[in-house]
Amino acid sequence: MPENSADTGLSLPEWNYQYIKSGDAQYDYNRSEQYVPMWYTNVIYNECCCFVQDGDSITAKLKFKPKRIISVRDWSLEKEYTEGVDYTFDAETNTFTWLEGSSVPYFTQNLLHGKYENGEPIDAFAGYDQAPWSTLGYARWENAFYCIGPELYEKQMFVTYEYDTADFTGPVQEFAGEKLPNTMSKLLKGEALSVLFYGDSIPVGCDASGMYNRKPNQDEFPKIFRKALQEIYGSTVKYRNTAVGGTTTDWANQNVESQVIKYKPDLVVLMTGGNDGNNTVNTKTNILAAVKKIKAALPECEIILMDTFVGNADGGFDTKVKPMLKGIHDDIAAANEGVVSVGIYDLHNYFLQGKNYIDFSGNGINHPNDYMIRIYAQQLLSAVVDFKSLSQRDSG
281 MPENSADTGL SLPEWNYQYI KSGDAQYDYN RSEQYVPMWY TNVIYNECCC FVQDGDSITA
341 KLKFKPKRII SVRDWSLEKE YTEGVDYTFD AETNTFTWLE GSSVPYFTQN LLHGKYENGE
401 PIDAFAGYDQ APWSTLGYAR WENAFYCIGP ELYEKQMFVT YEYDTADFTG PVQEFAGEKL
461 PNTMSKLLKG EALSVLFYGD SIPVGCDASG MYNRKPNQDE FPKIFRKALQ EIYGSTVKYR
521 NTAVGGTTTD WANQNVESQV IKYKPDLVVL MTGGNDGNNT VNTKTNILAA VKKIKAALPE
581 CEIILMDTFV GNADGGFDTK VKPMLKGIHD DIAAANEGVV SVGIYDLHNY FLQGKNYIDF
641 SGNGINHPND YMIRIYAQQL LSAVVDFKSL SQRDSG
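If you want it as structure tokens, here you go:
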């Protein structure tokens, strides 16, 4: 039988995980390493860390001070780079330095700012069937490098390392199971749960490697969420994704009947607003209206409102709406039963401190890469999995 959680009064699943690895643990990266929140375990798996040339130096930086570096790998997670040949590492500053003759590719400041190496601007994006995108596979988006091809992802390096969990001070999601009683009841009883994702391009899956059938073929965060729930609770999780790229909160509100209500889900994860730009007037009104429609038609349905990560300001994505979404969601959740707010924007800001934007981006401007996608999944899962109690149980 499931155990009781002293912190929440709810039951814990029988699933267990080794949160604290031994000091000689080797690289072992499976599905659970993708979704177990890094703030509860002493190993960071495949943190993206890109070399960027700035003047005469070519460096990359980790977020946390490593006790031990376990693995440094390329974009595919198959090729390992070698210390002393490809890089050196300064443990005091968490900094990698590129070595002459290294096999690790790197970004230049010119490229990241949408310029050729001679300083001339790359032609602006005009369409996927027009140059330079149609010929080069990349373009300039305002003052940023826009690309979903190898010119971007092959320059991303992934580092696995042991660290002190006390160093993690980011704004992470607390377990919210008491606010989602219907969802938790189904999961803890092993009953089937129907989950629907709705919103814009990020819940669609852009730009997960699995979306393009390229290595390492990581799922988008909604699928990571679904598979994790099935593994942790042993429930059958029925999954539907009706998100559409480029949509706004107005679209989400106008289409909620046909894209959400008609499918009668038990749980809706709604992520919208990132494309509202600076037009903040109707954002909260639209999200609240969509929530009210779902709750009126499906009283037992529960809703998680999820904001989005920081856009690239050089690409014109530092909008007013994104920093506001968490507050909007918090207000709506506080006033409505069965609604929970999950934040990403503030957590991404925390990760960005001391890191480059390209360490988290899958297209250089407004979509997450595999590493950031896993952070989305970990933050979302924390709302419906009591990882804190589980880690205390399984580490004790």
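To get our numbering, take the position in the sequence shown, counting from 1, and add 280. Heads up, the beta-carbon is just placed ideally off N, CA and C, and yes, glycines get one too. From a predicted model like this one, the values you see are computed outputs, not experimental measurements.
Problem - Proximity of residue 224 and residue 355 at Cβ, strictly below 8 Å - result: Because the chain in this structure spans residues 281 to 676, residue 224 falls outside the shown range and cannot be described.
Exercise for the section: Alpha carbon to alpha carbon, how far is residue 366 from residue 679? Give it in angstroms, no decimals. Expected result: Outside the shown range of the chain (281 to 676) lies residue 679, about which nothing can therefore be said.
Practice task
Mark residue 576 as exposed unless 16 or more other C-beta atoms lie within 10 angstroms of its C-beta, in which case mark it buried.
Solution key: Here residue 576 is exposed, its C-beta having fewer than 16 other C-beta atoms within 10 Å.
Handout entry: Cβ-Cβ separation, residue 653 to residue 498 (assumed contact under 8 Å), whole Å
Key = Approximately 7 Å separates the beta-carbon atoms of residue 498 and residue 653; this is inside 8 Å, confirming the contact.
Problem - Through-space distance from residue 364 to residue 626, alpha-carbon basis - result: Cα to Cα, the separation comes out at about 36 Å.
Exercise for the section: Report the option in 508, 526 and 525 whose CA atom is closest to the CA atom of residue 518. Expected result: Of the listed residues, the one whose Cα sits closest to residue 518 is 508.
Exercise for the section: Report the residue from 302, 606 and 446 whose alpha carbon sits nearest the alpha carbon of residue 345. Expected result: For residue 345, the nearest C-alpha among the options comes from 446.
Handout entry: Residue burial classification, residue 660 (beta-carbon count within 10 angstroms, cutoff 16)
Key = Per the 10 Å Cβ criterion, buried.
Practice task
With a cut-off of 8 Å on the beta carbons, I'd call residue 297 and residue 309 a contact; round off their distance for me.
Solution key: Not confirmed; about 14 Å, so no contact.
Problem - Simplified DSSP assignment, three categories, for residue 482 - result: Three-state DSSP puts residue 482 in a helix.
Exercise for the section: Under 6 Å Cβ to Cβ from residue 303, same chain only, skipping five residues before and after it: list those, please. Expected result: Hits under 6 Å: none found.
Handout entry: Sequence-distant residues of its chain with Cβ nearer than 8 Å to residue 603 (five each side left out)
Key = Counting only Cβ-Cβ distances below 8 Å, and skipping sequence neighbours, we find 625.
Problem - Delimiting residues of the alpha helix (DSSP H) encompassing residue 686 - result: Missing from the structure shown is residue 686; the chain here goes from 281 to 676 and no further.
Practice task
Mind reading off the beta-carbon distance from residue 432 to residue 669? Whole number of angstroms is fine, and I expect it under 8 Å.
Solution key: About 39 Å separates the two Cβ atoms, so there is no contact after all.
Exercise for the section: Identify whether residue 326 lies in helix, strand or coil by the three-state DSSP scheme. Expected result: Correct three-state label for residue 326: strand.
Exercise for the section: Below 6 Å CB to CB, which residues in the same chain sit around residue 459 once its five sequence neighbours on both sides are set aside? Expected result: Within the same chain, residue 459 has close Cβ partners 620.
Problem - Classification of residue 381 by the beta-carbon crowding that lies within 10 angstroms, buried from 16 upward - result: Taking all protein chains in view, the Cβ of residue 381 is surrounded by fewer than 16 other Cβ atoms within 10 Å, so the residue is classified as exposed.
Practice task
Specify the secondary structure class of residue 350 as computed by DSSP and reduced to three states.
Solution key: Residue state, collapsed to three classes: strand.
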